[in-house]
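Taken in order, these protein sequences are the chains called F and C.
Just so we're aligned, residue 0 is where the first sequence starts under the working numbering, counting upward by one.
Just so we're aligned, residue 1209 is where the second sequence starts under the working numbering, counting upward by one.
See below for the structure under consideration.
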Amino acid sequence: MKRGFRPGAVERFFRMLAGKSSPVVPSPPPSGPLASYPDVASWDHWEEFDALAWPRRDKKTYALVPTICFNCEAACGLLAYVDKSTWKIRRFEGNPMHPGSRGRNCAKGPATINQINDPERILQPLRRAGKRGEGKWRAVSWDEALDEIAGRIRVAFLEKRHNEIMYHVGRPGHERAMERVMRGWGIDGHNSHTNVCSSSARLGYQLWCGSDRPSPDHANARFILLLSSHLETGHYFNPHAQRIIEAKMAGAKIAVMDPRLSNTASMADYWMPTRPGTEAAVLLAIARIILCDDLFDREFVRRWVNWEEYLRAEHPDASVDFDVFVEKARALYGRFTTHFAEAESGVPAATIEEVARGIAAAGPAFAAHVWRGAASGNVGGWQVSRALQLVSVLVGAVGTKGGTSPAGWNKLSPALFAEPPAQRFWNELLFPREWPLAHYEMSFLLPHFLKEKRGRLEVYFTRVYNPVWTNPDGFTWIEALSDEAMVGCHVALTPTWNETTIFADFILPMGHAGERHDVQSQETHAGTWISFRQPVLRAARERAGHPTQYTYETNPGEVWEEDEFWIELSWRIDPDGALGVRKWFESPYRKGEKVTVDEYYRWLFENSVPGLPETAAKENLTPLEYMRRYGAFEVKRDTYDLHETILAPDDVRDSEVDPKSGVIARSGAPTGVMIDGVPRRGFATPSRRLEFYSPTTAEWGWQEAAVPGYTTSHVHARGIDEKKGELVLVPTFRLPTMIHTRSANSKWLSEISHRNPLLIHTSDAERLGIVNGDLVRVTTEIGFSVNRAWVTEGIRPGVVACSHHMGRWRLTDDGGSRWGTAKVTIERTGDGVWKMRQAEGIRPFKSADADSERIWWRDAGVHQNLTFPVHPDPVSGMHCWHQKVTVTKALKDDRYGDVQVDTKRSMEVYREWLALTRPAPGPGGLRRPLWLARPVRPAPETFVIRD
Amino acid sequence: MNYGFVIDNRKCIGCHACTVACKAEHDVPIGVNRTWVKTIEKGTFPDTRRYFSVMRCNHCADAPCVTICPVTALFTRDDGIVDFDPARCIGCKACIQGCPYDAIYIDPRSGTAGKCNYCAHRVEVGLEPPCVVVCPEHAIIPGDLDDPETEIAHIVKREEVTVRKPEKGTIPKVFYVGADFASLVPSAAPLSGTYVTSEGREPGVTPRRPAPATGNDGGLLAIAPLRAATAAIATAEAAPARRIYDAGQTHQGSWGWKVSAYLWTKSIAAGLMLVLPFIEGWSSPAHDSTLRLTAIAIALGFLAATGILLVADLKRPSRFLWVITRPQWRSWLTRGAYILMFFGLGVTGLAAAELAGAERLRAILIWAVAVLGAGTAVYTAFLFWQSKGRDLWQSPLLPLHLLVQAGAAGVAVMLLVAVAVPPISGQALGDLVTWLQRALGVHVLLALMELYATHQTKDASTAAQWARTGARFHVLAWGVVVLGAAAPIALLAVANTGAILAAGALGLIGLALWEHLYVQAGQKVALS
């Protein structure tokens, strides 16, 4: 077999004349089936041919080091190919040992190498040199940054200003580590992005089953109903997309509810393009069919739903009998006929009927998921997940093979060494009393709270978080962050430039995937795994016998990692241990000494991952060595029906059984429930059952929403006047190639995706006199943006949509990644109106990467989020993203990318929504129900309002 | 062994992971792709659907890029992989014309051809290509088509598969399952100026030059509608589907003005030598000799220009000799280079014989050179026929047309020479005038047939339509037909010196315009 070509006679003749020999035809390669990955045994020393030299057969030697992706939340495995001659990362592939991602990735996995080699990345700690927001920086040492920040925090702690220290995280992926740091410091300072992301969906799930995320077993489902676009984004894109398509190929039917033709909707058997905000009506119509036509799983519902509690509360005169419940439930949802649902949603009654019957036929193998989408778009979005879960419950598809389990079953939350006690502070900037049921921190209202003088911040950490760009009402964020009276010192921990770093005092460069430590576990399927993110160059060098003290020694420039940063910072806050902080950062193995990152993970893997030490021992590895080699460990698989687990006699000893509810509790904490006389584990709700009726909701002021229901959205059709050019804007959808504002630094991803036109249906465009490509003005309650129209049949008439990610900007030539940002000017007129205009689009630029001169696109997209006022859901606290907008052809002076916002008006809108809340105290004078989860939960006594 | 791919469109979710994994493996520069995911949308709300189709080299069993490559830079391995060697590539871009699938680009760093090579370097160490490994859906299935036990063989045997453009006879080995017709047939979803997440790209083998920094919307996006106008030939037609993402068409315009100009210069050189045997006894023997020598000198000049243009058009001009020293004999580019070389030698020999007064040698050489001139004129037709990506160029009229064009060009130049170096007999002048009138007449007839006759394929007719519409219509009507043919024919009827000079010059300009129009039109069709 020849592999190349055989030079012809003429070539041989001329080569002979030139005195050169002709190329030798090499011997044939061994043939056989191709493998996806080199065998793990060869990961220390893997030889392959250099693709760039091919067909010259240049051998290269690599160390293969597993880590996990840091783009989306799915935590897919990556495998770094580290060149052993240069100690540089050649590329990233997937980690075949990872049970969630199984060696496969989306585009963002292999794109990680761009992020690491990005010539625009921040390589040193930077300190503000001019005024805040001016964009002038000077490089400083880690020591200078640490000392300054630690000094400020120390003074705040000494002066008991604990609530002035706040850590605000965008992408977590830092499993429990920050909880430990915050508690080690004794503060209530953990803030997150969740209320602009998923907290409405979470609250709905939480109220049903005491676990705020669903874990659908897509692979084994016979019918899949998706309200979010899980084949392109979402929790958890790649792992879920694999399993959804697996099920499809095995014959499962897929239905997708989305007003926009997402890639997911396109792949579905049923696309149900609902009017935004009407999804719950459709779901309740499905539930009604299942209830009224006796298609529900009678035994499951009887045994596991808290219907008795419902009857006692809502129908005290009725007898507590299951058939009575069925009758009442049928009456409750009687108005949700398919015709009503069609009138509300626009989805044909026949389709709803067909989907309902498909779901019923699938029975326990019905998987369902809503994550963002409708739940994040609309007021009352948490009732969307309540309604969806109702369908799962009715067909008995909870905890089953092919059904949907509570996430807690499939996620490992590892214990860490020497866990500090719960903090004794309650920070009302995080959980103000107006939102007692807020599922996560009221993070996106932080600048509004600061402007209302509800508090101030001495040190404000943003980590991998870009509120100025991502959150609604970004100009109000700019106002707050620019004011040193509101924010004393803003420290941005970030692997990339972003719009928020512009308003920082310190920019501290942190690692991407493969440049830092972390563990992650996600409920991607019916199984539990834990995976290990590690700095791959450090790991490769250590494997080769070169020990490293700090990760920045092997990372590019002085890029560091969070774990070591927090240890070092904590140590400097409390150098002598007098504040009680230092002790939590001392080694569990060397008394009184600073813990190292190796010791931190050594303890975790030795003590918190069931089965890992034994598995590692079989290979003569320590648990840490095992994780450094394999990068992931499967803890459990096929986790089904855990609620049915019968409690062992030991588990029920010293417990009390409530005679009415059957709840088994030990010293007040529920541990199980009696089901037909058998003590079973149940669910993590107060009733240990699935809470169709949520007493919590009722007791905390929302009696009318105690059962799954249909909330009229703030963008419901009756409030939209199409004659005036009003439409509903769906601004939330993500692209499979991007992750929020952290991926524009990947040249390969930006090349594929760099614009976000306004998607508008042909009929709406015709009515408004708009043709494809026209410049249009999109006006919200507080301002407008100017974009291009993309006229399409892939969206419901009456709805416009614009994707997330694009419209990135920078103010200066250097302070922002030029791969994906437009240079803009921002000005504020005398009357407080902010105006942004793009001065130049994306341009080729000179850099160490010659590709930057080959940039061929100019469009950076349009930043729409700036024009959205805050819409905090009065119950879940979630920002309700959908907007009522007016779309017109652009005016004469409008230019592409223009944004204008009146922040006085945005404060008014904030107050309008604030007025919808029903504040604490609730029962017992509490700020919040004690049973309801809260991130970094403080000590119980702080739940009581004492002023 | 016979490697191929199955692309399973029932599973592909359009995530672009394969695109990026490929870029990572080969460090493929910004602006070009070895594989990408074309996306189309069809239907009307709510019956709307989107299809994702992975585009890449088909590793054809009868690969036209391998056939046309003059230097064996592209070659088919015994395991069925169509691989390439940048170290042998001269950057002639013939492979880009040869490939009907838009799979080949010129790497802006090396100036050499690049494409999917099935990651042969990985296959040889037993690894799948990274596009296969990364795919979340296992929608790209590699393997040996000849081994009946492989997954790919099972799919190809059991499922309904299709390939891109089977009519090209290339025997593609990328099989699609569940692909929509509009995904695979380029004309079914026309090119668009902009796509939903991406600006469209101007056609061209090299990435677009930077736009002027105008600083406002004009600089940012006003270019989009303009580009739409130039790129979308078929948008006016009712299309079954809409192309909403694409990264292809790097083939467009890969042969630019230098190729058109080379056709013209060689046409003149060849045409002069075709005319030469007929210059006997026009005036005195000495004067005839002067006329011949003048013609030979001009022919050599144009031949030199031809060579310079050909070399200059190479992306790796310093490697131009490899066409001669490393010939791949099936390529008409190689054969043409040899024809040009022997033609040049023949013309030089003829000049020497003429100067030396070696009458018998001259008598032989003059006919030999005429035959070689005919070859020089006509061989490009065979090269164009090897350009399987260019439907317009598959015309059976092409050899005849090239011969006629050469004749017209030769006569036009000869006429100019005759007028410039008088005297010649009125009879001879009359002959030349008649020949030129006839040649231009036949040429314009053939040109109009090329563009207005019914075409065998949709793509050929799209290319012809491009040449007939917009600004090109004026080039065709005024430049090629009126000024390039009708006017000279009329002027020649007047037959005074000034009119003859004008007619010859106009005829030559018209021929040049035609070459450019025809060469460009052939490249204007979407191939992916």
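The C-beta atom is built at its ideal place from N, Cα and C for all residues, glycine as well.
- Of the other Cβ atoms in all chains shown, fewer than 16 fall within 10 Å of the Cβ of F:Phe12; this residue is therefore exposed.
- Using a CB distance cut-off of 8 Å, F:Ala110 counts as an interface residue toward chain C.
- Look at C:Gly1322 here: in three-state DSSP terms it is strand.
- Neighbours of C:Thr1227 in chain F, taken as residues at a C-beta separation under 8 Å, are given in chain order as Ala106, Trp747, Ile751.
- At least one C-beta of chain C is nearer than 8 Å to the C-beta of F:Ala34.
- Look at C:Ile1363: its C-beta is not under 8 Å from any C-beta on chain F.
- Closest in C-alpha terms to C:Met1209, from the list C:Glu1249, C:Ala1232, C:Arg1257, C:Ala1269, comes C:Ala1269.
- From the listed residues F:Arg329, F:Thr638, F:Gly454, the smallest Cα separation to F:Leu429 is found for F:Gly454.
- Membership of C:Leu1606 in the alpha helix (DSSP H) is indicated by the continuous run 1606 to 1628.
- Taking the C-beta atoms as reference points, F:Asp216 is found nearer than 8 Å to F:Ser404.
- Residue-level contact check: C:Glu1367 does not touch chain F, since none of the beta carbons of chain F fall below 8 Å from its beta carbon.
- Using a Cβ-Cβ cut-off of 8 Å, C:Gly1306 does not count as an interface residue toward chain F, since no Cβ of chain F sits closer than that to its own.
- Taking the Cα positions, F:Arg90 is about 10 Å away from F:Leu63.
- For C:Ala1232, the chain F residues whose Cβ falls inside 8 Å of its Cβ are Arg90, Phe91, Pro109, Ala110, Ile112, Trp747, in order along the chain.
- Around F:Val898, no beta-carbon contact reaches into chain C at under 8 Å, the shortest distance being about 14 Å.
- The beta-carbon of F:Ser191 is placed no less than 8 Å from the nearest beta-carbon of chain C.
- For the pair F:Gly395 and F:Asp296, the CB atoms are nearer than the 8 Å cut-off.
- At a cut-off of 8 Å between beta carbons, F:Gly357 makes no contact with chain C.
- If you draw a straight line from the Cα of F:Val325 to the Cα of F:His870, it comes to about 36 Å.
- Assignment of beta-bridge partners to F:Asp82 by DSSP yields F:Tyr61, F:Lys87.
- Here F:Asn786 is bridged, per DSSP, to F:Val775.
- Only Asn237, Ala240, Gln241, Ile244 from the stretch 235 to 247 of chain F bring a Cβ to less than 7 Å from some Cβ of chain C.
- Separation of F:His44 and C:Val1371 (C-alpha to C-alpha, rounded to the nearest whole angstrom) is 40 Å.
- For F:Glu563, the uninterrupted alpha helix (DSSP H) segment begins and ends at 561 to 572.
- A distance below 8 Å separates the beta carbons of C:Cys1230 and C:Pro1338.
- Closer than 8 Å to the CB of F:Thr493 there is not a single CB belonging to chain C.
- In the same chain as C:Ala1675, and ignoring 5 residues on each side of it, the C-beta atoms closer than 6 Å to its own belong to Leu1659, Leu1725, Ala1729, in chain order.
- For C:Pro1316, at least one C-beta of chain F is nearer than 8 Å to its own C-beta.
- The beta carbon of F:Trp370 is closer than 7 Å to those of Ser197, Ala200, Ser227, Gly233, His234 in its chain, skipping five residues each way along the sequence.
- Under a criterion of Cβ atoms nearer than 7 Å, the residues of chain C adjacent to F:Ile854 are, in order, Ile1238.
- By the neighbour-count definition (other C-beta atoms within 10 Å, threshold 16), F:Lys59 is a buried residue.
- The C-beta of C:Ile1304 has 16 or more other C-beta atoms within 10 Å across all chains shown, which makes the residue buried.
- Any Cβ of chain F closer than 8 Å to the Cβ of C:Lys1323 would place that residue at the interface, and such an atom is absent.
- Taken through DSSP and simplified to helix, strand or coil, F:Thr916 comes out as coil.
- For the stretch 334 to 391 of chain F, the continuous alpha helix (DSSP H) assignments of 4+ residues that do not extend past its boundaries occur at 337 to 344, 348 to 361, 372 to 376, in sequence order.
- Near chain C, meaning a CB-to-CB distance below 7 Å, the residues of the stretch 263 to 280 of chain F are Ser265, Met266, Trp270, Pro272.
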